[in-house]
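First residue of the sequence shown: 23, per our numbering; consecutive thereafter.
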Amino acid sequence: MERPIFKNKTHNKAYLENGFIIEKLLSKEIVQTTLNQLLDLKPDDNYAPQRTGVSNYHCTFLDTNEEYKRATNKLFKKLFNPIIEEIFNNYHVWNANFYVKPPGAGKFEIHQNWTHVKEEKTTSFTIWCPLVDTTTDNGTIMLVKGSHKILPDIATMDVPYYFKNFEEVLVSDYLEPIPCKAGECVIFEDGVIHFSDINKSNAPRYALQILIGPKESNPVYYYHDSQKPELGFEVFEINDDFFMKNSYLTFKNRPDFQKSIGFIENQNKLISEEEFKTALANGNTRRKKIYGE
Numbered sequence: 023m024e025r026p027i028f029k030n031k032t033h034n035k036a037y038l039e040n041g042f043i044i045e046k047l048l049s050k051e052i053v054q055t056t057l058n059q060l061l062d063l064k065p066d067d068n069y070a071p072q073r074t075g076v077s078n079y080h081c082t083f084l085d086t087n088e089e090y091k092r093a094t095n096k097l098f099k100k101l102f103n104p105i106i107e108e109i110f111n112n113y114h115v116w117n118a119n120f121y122v123k124p125p126g127a128g129k130f131e132i133h134q135n136w137t138h139v140k141e142e143k144t145t146s147f148t149i150w151c152p153l154v155d156t157t158t159d160n161g162t163i164m165l166v167k168g169s170h171k172i173l174p175d176i177a178t179m180d181v182p183y184y185f186k187n188f189e190e191v192l193v194s195d196y197l198e199p200i201p202c203k204a205g206e207c208v209i210f211e212d213g214v215i216h217f218s219d220i221n222k223s224n225a226p227r228y229a230l231q232i233l234i235g236p237k238e239s240n241p242v243y244y245y246h247d248s249q250k251p252e253l254g255f256e257v258f259e260i261n262d263d264f265f266m267k268n269s270y271l272t273f274k275n276r277p278d279f280q281k282s283i284g285f286i287e288n289q290n291k292l293i294s295e296e297e298f299k300t301a302l303a304n305g306n307t308r309r310k311k312i313y314g315e
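The structure is reproduced here in structure tokens:
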């Protein structure tokens, strides 16, 4: 690795092997203050979206109120950039979301986060930080350990995940729930397969999702035109406006207001569970090659 990602050697080792680390990042007082500040803001969906055919949980990115989104973006950067500076080598916040799962709602698909890096040796992370204690009862995060950088796939809108054909088995045999206390954060590479179930409790489940990347890199977005699949992916360098100006009404559209830097071939392919097992088993070897170890 040209430059260790984490400042702590133990963190680097755990990341390479598992794809994630768990750290207490926010005190009880900061958790409560942050939650109060967020609930004082006014997203258009009032933290309880009623959108036919769209997710029934609140996500900042999907909301239509740009003023609200810019306020949260400012809050999250101010809170997390100093924390990131202590843990990572030369990383900072690219974007962040506040998630609210109302009681009886909020089931996510099994997924990887969108690929926001130009090449595999560049690594982006999500800091998943619940603002309440989370368990399987209220939909805590679940991860497939070691599922990061095992295949050169691109995760983005309107492209099936490589594990589409065995998703049910992922739930029963691979995904591990990570119960957390409020302020205890799961920091995972964005290619890690993850999932969270419906909130079966009687109270909202609040969590932050902080997307971070190297300071010297600009995040990108891979646009796939389902009407012209032969084009592969059009790659856009993106900035804050991509996240602030998009919403559930527009996020599937080609981001004309961002800088296109060309096209790459779509090499994604669906694999079997057996191929997945092999890729998991070979994960450490592949990751060491990517990072030059």
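The beta carbon of each residue, even a glycine, is placed where N, CA and C say it ideally should be. Because the structure is a prediction, the values reported are computed rather than measured.
Discussion item. If contact is defined by three or more beta carbon pairs under 8 Å, each pair taking one atom from either stretch, is the stretch 128-144 in contact with the stretch 265-273?
Written reply: No: fewer than three Cβ pairs fall under 8 Å.
Worksheet item: Can you tell which of Ser77, His114, Tyr69 and Lys274 has its C-alpha closest to the C-alpha of Leu233?
Response: Relative to the Cα of Leu233, the nearest Cα in the group Ser77, His114, Tyr69 and Lys274 belongs to His114.
Worksheet item: With contact counted as at least three CB pairs below 8 Å, one residue from each stretch, are the stretch 230-250 and the stretch 114-128 in contact?
Response: Yes, they touch.
Fill in: Residue from Leu47, Lys46 and Gly128 whose Cα sits closest to the Cα of Val76
Of the listed residues, the one whose Cα sits closest to Val76 is Gly128.
Fill in: Nonlocal neighbours in the same chain, by C-beta distance under 7 Å from Leu292, ignoring five residues either side
If we look at Leu292 and ignore the five residues flanking it on each side, its Cβ neighbours are Pro182, Tyr184, Lys186 and Asn187.
Item to complete: May I ask which residues mark the beginning and end of the beta strand (DSSP E) holding Gly126?
Response: DSSP places Gly126 in no beta strand (DSSP E); its state is neither H nor E.
Worksheet item: Contact check, Phe255 vs Ile283 under 8 Å by CB: the rounded distance?
Response: Beta-carbon to beta-carbon, Phe255 and Ile283 are separated by about 11 Å, too far to satisfy the 8 Å threshold.
Item to complete: Leaving aside the five residues before and after Ser218 along the sequence, list all residues of the same chain whose C-beta is less than 7 Å from its C-beta, in chain order.
Response: Excluding positions up to five away in sequence, the list reads Phe130, Gly161, Thr162, Ile163 and Met164.
Worksheet item: For Glu108, which three-state DSSP category applies?
Response: In the three-state scheme derived from DSSP, where H, G and I count as helix and E and B as strand, Glu108 is classed as helix.
Worksheet item: Relative to the C-alpha of Tyr69, which residue among Asn58, Glu297, Asp85 and Thr55 is closest?
Response: Of Asn58, Glu297, Asp85 and Thr55, the residue nearest in Cα terms is Asp85.
Worksheet entry | Boundaries of the alpha helix (DSSP H) in which Glu206 is found, first to last residue | No alpha helix (DSSP H) contains Glu206, which is instead part of the beta strand (DSSP E) from Glu206 to Glu211.
Worksheet item: What residue from Leu63, Tyr270 and Ala225 has the CA that sits closest to Gln72's CA?
Response: The closest CA to that of Gln72, considering only Leu63, Tyr270 and Ala225, is found on Tyr270.
Practice prompt. Compare the Cα-Cα distances from Ile106 to each of Lys143, Trp150 and Asn87 and report the closest residue.
Written response: Taking the Cα of Ile106 as reference, the smallest distance to any Cα among Lys143, Trp150 and Asn87 is reached at Trp150.
Practice prompt. Please report how far the alpha carbon of Lys50 lies from the alpha carbon of Lys100, in whole angstroms.
Written response: Rounded to whole angstroms, Lys50 to Lys100 spans 18 Å at the Cα level.
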